[in-house]
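Undergrad:
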Amino acid sequence: MPEQQKTIEIEVLRYNPETDQVPYAQVFAVPFTDDMSVLQGVQYIKDYLDGSLSFRWSCRMAICGSCGMMINGEPSLSCQTFLRDYYPERVRVEALAHFPIERDLVINMEGFIEKLESIQPYIIPKEARTLAQGEYLQTPAQLNAYEQFSSCINCLLCYAACPQFGLNKDFVGPAALTLLHRYNMDSRDGGQAERMQLVNAEEGVFNCTAVGYCSEVCPKHVDPANAVNLNKTNSAMDYFLRFLAPKGGTK
Amino acid sequence: MKRPLKRSNAPIFWALFGAGGMLSALLGPMLVFITGIAVPLGLLLPADTMSYPKMLAFAQNLIGKGFIFAIIALFLWHAAHRIFHSLHDIGIHAGRGARLLCYGLAMLGTVLAAYALLATGF
Amino acid sequence: MSKRRPYVRPMDGWWRKNPYFVEYMIHEGTALFVAAYAAVLLFGLLRLAQGEAAWNGWLLALKSPWSIGFHLLALAAIGYHAYTWFKIMPRTMPPLVVGGKRLPAWAITGGGLAAAGAASLLLFVLVWGLAR
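Protein chains in written order, with this note's numbering: chain A, 50 to 300; chain B, 1245 to 1366; chain C, 5 to 136.
Here you go:
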């Protein structure tokens, strides 16, 4: 005999660029079971209540990074946030903060993609090697230096958690700066001097005021706040030491 | 991303902010307690702890001078940098005006402290 | 023609929308007390440079209930600043590896607070020793 069906209210911030001047809240009553994620709740709405609801999702297991939303005001992956934790209260769902809303829960991430490109997120080899010379070797300690910062899934929760990005869209922001740090810390990489120009720039690390919320919401425990703040020290060194060593790579 | 990139001058202010923040975190509460509560109320410390001859001697000593200058100047620069960012946080544009006001006052305080420490003699 | 019209949400009052940001604004706000306390000290220093009578006037002003009240508030605020300063430190400093293991956040925060306690005690003992 199944338990009595429970129903939770999901309030969704809706926005249709063709018909709406501003976003508005719409409440749906969604029957749910204890194993249902917020993503599944939103999928229920699309399948049975309103087919026009738009949102991004893919893997349902917190690795693709597509289903980030503000859930009761907190940046969260909707696939690993569960309706049972909000019941019997209403749960509020909104597109990730600080990004333009394209439609409903879908954000515009073009700005982020540009930033991702700008940090040169690939190894720029220190020394060119031929195939015959074999692979680039790395010790466990050298791997350790960057491994944590390489776990980012580009879900953008950290940007939705960062008021400094909200206030200044030019700020390169947590995830991109963290990935930048990941490559700078790689023993095989020689692109640090080039990337430091971005770290040092007005768009760079000094927009950060160490709020720390980015690291709280990161589903992969990448600790972007740490990467950004370590680079404040790196940037300050670069700033003051260039007077001693004027041949440094940065201008 | 706009190119070319312009180097930020923030490291100067950030370094002063960090130094002042660390100093005020390590010694701030005890200093407030000593100068603002214990000595005025005559608690724990001798009644003449901050008497004129003692404080003058402290301010005439080189180490004393350095300590007083570091405390006043770095506390001011720490606070100025934080307040500058807080103005930005509450929507007041972090432009030249805010910069001039925050860092200008810290600079003024620093100059005044240096002047007073020179005036007390050696 | 494109039907796209991305909507940009305003940032007004963002710090009220999340308890994490409320706390952030409070610990940033401690800077007002750091500035005010530095101003009190600076004023005292300027009075010291002006001579004994001026200095004694400043000492007397410190005894007023307003001043005691301010310093109690400043003690709370700067104490909170110290706590939050060390609380964020695991995120702002390079990872510390001891015996092949990364030092956990609580150990860094605890170490910072212990250092503050030791420095404060040392300062008190020095002042007590100088005044005696």
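Where a beta carbon is used, it is the ideal one built from N, C-alpha and C, also for glycine.
These figures come from a predicted structure and were not determined experimentally.
Judging by CA-CA distance, which residue of B/ILE1315, B/LEU1271, B/LEU1349 and B/LEU1362 is the nearest neighbour of C/GLY121?
TA: In the third sequence, counting from the first residue as 1, residue 121 of chain C sits at position 117. Answer by Cα proximity: B/LEU1271.
Undergrad: Using the rule of at least 16 other Cβ atoms within 10 Å of the residue's Cβ for burial, across every protein chain shown, is B/TYR1359 buried or exposed?
TA: Taking the first residue of the second sequence as position 1, residue 1359 of chain B is located at position 115. The residue in question, B/TYR1359, is exposed, as its Cβ has fewer than 16 Cβ neighbours within 10 Å.
Undergrad: Buried or exposed, going by whether 16 or more other CB atoms sit within 10 Å of the CB of C/ARG95?
TA: Counted from its first residue, the third sequence places residue 95 of chain C at position 91. Classification of C/ARG95: buried, given that the 10 Å Cβ count is 16 or more.
Undergrad: Where does A/ASP153 land, buried or exposed, given buried means 16+ other C-beta within 10 angstroms?
TA: In the first sequence, residue 153 of chain A corresponds to position 104, counting from 1. Result: buried.
Undergrad: Identify whether A/ALA144 lies in helix, strand or coil by the three-state DSSP scheme.
TA: In the first sequence, the residue the question calls residue 144 of chain A occupies position 95. DSSP places A/ALA144 in coil when its eight states are reduced to three.
Undergrad: Just to make sure I have the definition right: I need the residues of chain A whose C-beta is within less than 9 Å of the C-beta of B/ALA1185. Which are they?
TA: Residue 1185 of chain B lies beyond the range of chain B shown here (1245 to 1366); nothing can be said about it.
Undergrad: For A/ASN280, does the count of other Cβ atoms within 10 angstroms reach 16, so buried, or fall short, so exposed?
TA: Here residue 280 of chain A refers to the residue found at position 231 when the first sequence is read from its first residue. When all chains shown are included, A/ASN280 counts as buried.
Undergrad: Could you check what DSSP says for A/LEU290 in three-state terms: helix, strand or coil?
TA: Along the first sequence, read from residue 1 onward, the residue named residue 290 of chain A stands at position 241. Residue state, collapsed to three classes: helix.
Undergrad: So, at 8 Å on beta carbons, what are the nonlocal neighbours of B/MET1349 in its own chain, with the 5 sequence-adjacent residues on each side left out?
TA: The count along the second sequence starts at 1 and reaches residue 1349 of chain B at position 105. The amino acid occupying residue 1349 of chain B in the given sequence is Leu; Met does not appear at that position. If we look at B/LEU1349 and ignore the five residues flanking it on each side, its Cβ neighbours are LEU1320 and ALA1324.
Undergrad: Between which two residues does the beta strand (DSSP E) carrying A/SER125 extend?
TA: Translated into the one-based positions of the first sequence, residue 125 of chain A becomes position 76. Segment 123-126, the beta strand (DSSP E) holding A/SER125.
Undergrad: Here's the rule: buried if 16 or more other CB atoms are within 10 angstroms of the residue's CB, otherwise exposed. What is B/ASP1292?
TA: Position 48 of the second sequence, counted from the first residue, corresponds to residue 1292 of chain B. B/ASP1292 should be labelled exposed.
Undergrad: How many angstroms separate the CA atom of A/GLY298 from the CA atom of A/ILE168?
TA: To locate residue 298 of chain A, count along the first sequence from 1; it is residue 249. To locate residue 168 of chain A, count along the first sequence from 1; it is residue 119. The predicted model places A/GLY298 with a pLDDT of 48, which falls under 50 and marks its position as unreliable, so this point remains unresolved.
Undergrad: Identify the contact partners of B/ALA1342 in chain A, using a Cβ-Cβ distance below 7 Å as the criterion.
TA: Sequence index remark: in the second sequence, residue 1342 of chain B carries index 98 (1-based). Neighbours of B/ALA1342 on chain A: none; closest Cβ ~13 Å, over 7 Å.
Undergrad: Would you check whether the ligand GDP has a heavy atom nearer than 8 Å to the C-beta of C/LEU64?
TA: This structure simply doesn't include the ligand GDP, nor any ligand for that matter.
Undergrad: If you draw a straight line from the alpha carbon of C/LEU46 to that of A/GLY222, how long is it in whole angstroms?
TA: By one-based count along the third sequence, residue 46 of chain C stands at place 42. By one-based count along the first sequence, residue 222 of chain A stands at place 173. If you take the alpha carbons of C/LEU46 and A/GLY222, they lie about 38 Å apart.
Undergrad: List the residues of chain A whose Cβ lies closer than 7 Å to the Cβ of B/ALA1254, in chain order.
TA: Counted from its first residue, the second sequence places residue 1254 of chain B at position 10. The answer, in chain order, is PHE255.
Undergrad: Keeping to the same chain, check which residues put their C-beta closer than 6 Å to that of A/ALA225; ignore five residues upstream and five downstream.
TA: For the purposes of this step, residue 225 of chain A is identified with residue 176 of the first sequence, where counting begins at 1. Excluding positions up to five away in sequence, the list reads LYS164, LEU165 and ILE168.
Undergrad: Starting from the C-beta of A/SER127, find all residues in its chain whose C-beta is less than 7 Å away, skip the five residues before and the five after it, and write them out in chain order.
TA: Looking up residue 127 of chain A in the first sequence gives position 78. Excluding sequence neighbours, A/SER127 sits near SER86, VAL87, LEU88, VAL91, CYS116, MET118 and ILE120.
Undergrad: Does the CB of B/PHE1366 have a neighbour CB from chain C at under 9 Å?
TA: What you label residue 1366 of chain B is simply residue 122 of the second sequence in a count that begins at 1. Not one chain C Cβ lies under 9 Å of B/PHE1366.
Undergrad: Going by DSSP in three states, C/TYR28 sits in which element: helix, strand or coil?
TA: Taking the first residue of the third sequence as position 1, residue 28 of chain C is located at position 24. Here C/TYR28 sits in helix by DSSP.
Undergrad: Locate the beta strand (DSSP E) running through A/PRO80, then write down its first and last residues.
TA: Taking the first sequence and counting its residues from 1, the one referred to as residue 80 of chain A is at position 31. 73-81 is the extent of the beta strand (DSSP E) around A/PRO80.
Undergrad: Any residues in the segment 76-101 of chain C with a beta carbon nearer than 8 Å to a beta carbon of chain B? Which ones, in chain order?
TA: Those residues of the segment 76-101 of chain C that come within reach of chain B (Cβ to Cβ, closer than 8 Å) are LEU76, ALA78, LEU79, ILE82, GLY83, HIS85, ALA86, TRP89 and PHE90.
Undergrad: Pick out whichever of C/TRP62, C/ALA40, C/TYR87 and C/GLY48 has its Cα sitting closest to the Cα of C/PHE74.
TA: Within the third sequence, residue 74 of chain C is the residue found at index 70, counting from 1. Nearest C-alpha to C/PHE74: C/ALA40.
Undergrad: Tell me A/ALA117's beta-bridge partners as DSSP assigns them.
TA: Along the first sequence, one-based indexing puts residue 117 of chain A at 68. A quick correction: the sequence has Gly, not Ala, at residue 117 of chain A. A/LEU126, per the DSSP bridge assignment.
Undergrad: Would you identify the three-state DSSP class for A/TYR285, choosing helix, strand or coil?
TA: Position 236 of the first sequence holds residue 285 of chain A. Note on identity: in this sequence residue 285 of chain A is Ala, with Tyr being the wrong assignment. A/ALA285 falls in the helix class under three-state DSSP.
Undergrad: Would you kindly check if the distance between the Cβ of A/ALA144 and the Cβ of A/PRO268 is under 9 Å?
TA: What you label residue 268 of chain A is simply residue 219 of the first sequence in a count that begins at 1. What you label residue 144 of chain A is simply residue 95 of the first sequence in a count that begins at 1. Result no, Cβ atoms of A/PRO268 and A/ALA144 do not sit closer than 9 Å.
Undergrad: Are the segment 264-278 of chain A and the segment 26-40 of chain C in contact at 8 Å, needing three or more beta carbon pairs?
TA: The segment 264-278 of chain A, when compared against the segment 26-40 of chain C, does not touch it at the 8 Å Cβ threshold.
Undergrad: What do you get for A/TYR302, buried or exposed, if any count of 16 or more other CB atoms within 10 angstroms of its CB means buried?
TA: Given that chain A is displayed from residue 50 to residue 300, the structure contains no residue 302 of chain A and the question cannot be resolved.
Undergrad: Taking DSSP's pairing of strands, which residues face C/LEU46 in a bridge?
TA: Counted from its first residue, the third sequence places residue 46 of chain C at position 42. Paired residues: none, contrary to the question.
Undergrad: Exposed or buried, C/LYS105, counting other C-beta atoms within 10 Å across all chains shown (16 or more means buried)?
TA: If you number the third sequence from 1, residue 105 of chain C lands on position 101. When all chains shown are included, C/LYS105 counts as exposed.
Undergrad: For chain A, is any of its Cβ atoms less than 9 Å away from the one on C/ALA15?
TA: The residue labelled residue 15 of chain C in the question sits at position 11 within the third sequence. The displayed chain sequence assigns Met, not Ala, to residue 15 of chain C. Output row for C/MET15: interface = yes.
Undergrad: Return no unless some Cβ of chain A is closer than 9 Å to the Cβ of B/HIS1322.
TA: Working through the second sequence from its first residue, we reach residue 1322 of chain B at position 78. Chain A, which has no Cβ nearer than 9 Å to the Cβ of B/HIS1322, makes this no.
Undergrad: Rounded to whole angstroms, how far is the Cβ of A/GLN241 from the Cβ of B/LEU1249, which I believe are closer than 8 Å?
TA: Numbered from its first residue, the first sequence carries residue 241 of chain A at position 192. Numbered from its first residue, the second sequence carries residue 1249 of chain B at position 5. 15 Å between Cβ atoms; not a contact.
Undergrad: Tell me, to the nearest whole angstrom, how far the beta carbon of B/LEU1318 is from that of B/GLY1264; I am working on the premise that it is less than 8 Å.
TA: The count along the second sequence starts at 1 and reaches residue 1318 of chain B at position 74. The count along the second sequence starts at 1 and reaches residue 1264 of chain B at position 20. 4 Å between Cβ atoms; contact.
Undergrad: Looking at the structure shown, is C/ALA78 part of a helix, part of a strand, or coil, going by DSSP?
TA: Residue mapping note: residue 78 of chain C aligns to position 74 of the third sequence, counting from 1. Correct three-state label for C/ALA78: helix.
Undergrad: I need the DSSP call for A/ALA209, collapsed to helix, strand or coil.
TA: As a position in the first sequence, residue 209 of chain A is number 160, starting the count at 1. Helix at A/ALA209.
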